[in-house]
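Accompanying notes for the structure given below.
Numbering (the working numbering), first residue to last: 42 to 147.
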């Protein structure tokens with residue numbers, strides 16, 4: 042009644058054991074390589090995000106410096122500083138002397 046045949050195990054040869062060991066070592070090495078590359082990618086992505094935040098911060102700071110520069114260089118501010126701090130005044134038409142260039146050997 043029992044029509045099952047018993048499994049006959051063939052003995053493992055040295056070559057098949059060696060092949061099995063090599064395949065297992067390749068699987069382990071591949072898994073370790075995946076873990077290592079994943080760690081490198083995570084580190085690089087973290088560094089990229091840090092650099093992007095720093096670039097954004099520097100862009101904001103650059104805009105603030107440009108605004109400050111335009112404020113300090115405003116014509117009204119420069120004129121006020123020249124008159125009040127340096128006692129400068131605009132020349133009258135009588136104070137203006139026109140200098141001309143004369144060609145010749147003089």
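A virtual CB, placed ideally from N, CA and C, is assigned to each residue, including glycine.
Model, not experiment: these values are computed from the prediction.
Backbone secondary structure at residue 125 - three-state DSSP: helix
Distance between residue 92 and residue 54 (C-alpha atoms, nearest Å): 57 Å
Straight-line gap, residue 84 to residue 102 (C-alpha atoms, nearest Å): 27 Å
Reduced DSSP secondary structure (H/G/I, E/B, other) of residue 134: Residue state for residue 134 is assigned as helix, using DSSP reduced to three classes.
Taking CB distances under 8 Å as the criterion, tell me whether residue 137 reaches chain C. Absent from the structure is chain C; it holds one protein chain and no more.
The alpha helix (DSSP H) enclosing residue 55, as first and last residue numbers: The continuous alpha helix (DSSP H) containing residue 55 extends over residues 55-113.
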